[in-house]
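Per my numbering, residue -15 is the first one in the sequence shown, and the count goes up by one each step. To keep things clear, I will list the structure first and then write my remarks on it.
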Amino acid sequence: MADTADTVTGIECPVYLQYHFTAGRAPARFLTRIKEGVLSGQRCPRCSNVYIPPRGSCPACGVPTEEEVVLPDKGTVQSFTVVAIPIPNNPIKPPFVVANLVLDGANISFIHLLSECENSEVRIGQRVQAVWKPQEEWGYAMDNIRYFRPIDEPDVPVAQIGKLPVTGWEG
């Protein structure tokens, strides 16, 4: 067998895409509330799942969601990854942690930065809380929260994490 190695060529091709996005009623309400420092989701009237950010309808049941639920800025790490590769135009230098977080009272996770701890100390079930930008810097965006940080609360057992009930769907 011959010892050959294929040459791998990398191509750098920076792309700039500008998007114009109309949020819709539920996401617009979420963005308005986050500018006020409030994390809000919506509850499904059929299965009672709480979604953040709200979608306007339940992805499990397909029914409209209109009940607003104010959620705390505390939650649990559902999963995470240590980013070791630089991301173009990202001011955060690797390695850093991004995590899927489930806020207390919600049934679905969202991704955010995790900081103020060693990457090796991050774990599934770890309790975290939002660290907000100064209020005068708040806008209509999730980046009003700089990152989440670990807090001194007991971990949530792994068996209890990520149990999103999909009830009420009559497929």
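C-beta: ideal position from N, C-alpha, C; glycine also. Since the model is a prediction, treat every value here as computed from it, not as a measurement.
Per-residue DSSP class, three states only, for residue i
| i | result |
| --- | --- |
| F14 | helix |
| R9 | helix |
| V150 | In this prediction, V150 scores a pLDDT of 40, lower than 50, which makes its location untrustworthy; the coordinate-derived value is nonetheless stated afterwards. The answer is coil: DSSP assigns V150 none of H, G, I, E or B. |
| V142 | helix |
| S104 | helix |
| E51 | strand |
Where residue i falls, given that 16 or more other Cβ within 10 Å makes a residue buried
| i | result |
| --- | --- |
| T(-9) | exposed |
| V(-1) | exposed |
| P149 | Confidence at P149 is low in this model, with a pLDDT of 45, below 50, so the placement of that residue should be treated as unreliable; the coordinate-derived value is given next. So P149 ends up on the exposed side. |
| C42 | buried |
| Q119 | exposed |
| T(-7) | exposed |
Anticipated Cβ contact below 8 Å, residue i with residue j, distance rounded
| i | j | result |
| --- | --- | --- |
| I95 | N84 | 6 Å |
| P29 | E51 | 7 Å |
| V61 | I108 | 6 Å |
| V106 | V81 | 5 Å |
Identified DSSP bridge partners for residue i
| i | result |
| --- | --- |
| T60 | V86 and R111 |
| W(-1) | Note that residue -1 is Val in the sequence shown, not Trp. Answer is none; V(-1) lacks a bridge partner. |
| T65 | V82 |
| R133 | Q113 |
| Q119 | Beta-bridge pairing links Q119 to no other residue. |
Check whether the region 31 to 47 and the region 103 to 118 are in contact - that is, three or more C-beta pairs closer than 8 Å. no
Quick one: any contact between the region 33 to 43 and the region 64 to 73, if contact means 3 or more CB pairs under 8 Å? no
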